[in-house]
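Residue numbers (mature numbering (1 follows the signal peptide of the UniProt record, and there is no 0)): -20 to -1, 1 to 237.
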């Protein structure tokens, strides 16, 4: 028993402490390309292939439940068994984002294997100076042609939480308020269009002020204005163009309350 206690303490001591994003900090969402954030910005989200923004709390975006566009060949070569396939052997694509193929999370072994891939990416994020990760597409089961279950998404998400924390990273629940991410160990939320879908209260009840709300211009600007009035003084609320293109690119929009 003493040996097990000592081992547990050693493991815990080896885990780097997690730093949470500043509650209500001004955020910028830069998935379409990196650019220098405005002086007022406290938090920046960038793709895992980018460098973190210096001088701010940086969050590393990782497509954790589906393949990233352009990466299917890599997955087929390295991890073909982790691609979800239908009864005819065809890969299952996200209908809204057809360049993305869903990962197969139907067994504990597959979830463990996928989580190992993600942990290697999380480790790279941490090594480069990111403080948190944002694993996307928690709701992939809803687009899986009934091949995946919510319970499988939850089980995989728990593995991602463990992996992120082991690398000293905080981890965000991305969308999907029907899952109580706090119970799974998520630290904060990134909520897209929650004003449009009237979901924002579900996130703030779970995470308090540590919610980053993103509204998009193709929904009009009324939702953003309502969000600012309702929550802009308590959480981070921002308006972005749907393609989240960099500053200077055609169509770029970035506003905060």
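Every residue gets a Cβ at the ideal spot worked out from N, C-alpha and C, and that includes glycine.
Residues bridged to residue i [DSSP beta-bridge criterion]
i: residue 195; result: 219
i: residue 43; result: 116
i: residue 8; result: 24
i: residue 81; result: 73
i: residue 37; result: 23
Contacts around residue i, its chain only, beta-carbon distance under 8 Å, and the 5 residues preceding and following it disregarded
i: residue 93; result: 59, 61, 62
i: residue 226; result: 10, 12, 13, 14, 15, 232
i: residue -4; result: 148
i: residue 2; result: 22, 23, 37
i: residue 65; result: 71, 72, 84
i: residue 242; result: Here the chain comprises residues numbered -20 to 237, so residue 242 is not present and cannot be evaluated.
i: residue 49; result: 77, 79, 80
Own chain partners of residue i with C-beta closer than 6 Å, once the 5 adjacent residues on each side are dropped
i: residue 224; result: 9, 11, 12
i: residue 203; result: 175, 176, 195
i: residue 130; result: 121
i: residue 182; result: 157
Residue i, enclosing beta strand (DSSP E) - first and last residue
i: residue 26; result: 23 to 27
i: residue 152; result: 150 to 154
Coil, strand or helix - residue i by DSSP
i: residue 110; result: coil
i: residue 88; result: helix
i: residue 168; result: strand
i: residue 73; result: strand
i: residue 51; result: coil
i: residue 235; result: strand
i: residue 62; result: helix
i: residue 213; result: coil
i: residue 104; result: helix
i: residue 174; result: coil
i: residue 261; result: Nothing about residue 261 can be reported from this structure: the residues present for the chain run from -20 to 237 only.
i: residue 161; result: helix
Sequence-distant residues of its chain with Cβ nearer than 7 Å to residue i (five each side left out)
i: residue -1; result: 150, 167, 168, 190
i: residue 36; result: 17, 21, 22, 23, 24
i: residue 140; result: 44, 95, 98, 115, 151
i: residue 105; result: 28, 40, 113, 149
i: residue 135; result: 91
i: residue 155; result: 118, 119, 171, 172
Cβ of residue i within 8 Å of any chain D Cβ
i: residue 133; result: Going by chain labels, chain D is absent from the structure shown, which holds only one protein chain.
Beta-carbon proximity of residue i to residue j, cut-off 8 Å
i: residue 268; j: residue 42; result: Examination of residue 268 is not possible in this model, given that the chain is present from -20 through 237 alone.
i: residue 112; j: residue 39; result: yes
i: residue 222; j: residue 198; result: yes
i: residue 81; j: residue 47; result: yes
i: residue 161; j: residue 186; result: yes
i: residue 74; j: residue 126; result: no
i: residue 52; j: residue 86; result: no
Residue i: first and last residue of the uninterrupted alpha helix (DSSP H) it sits in
i: residue 132; result: 130 to 146
i: residue 184; result: 180 to 187
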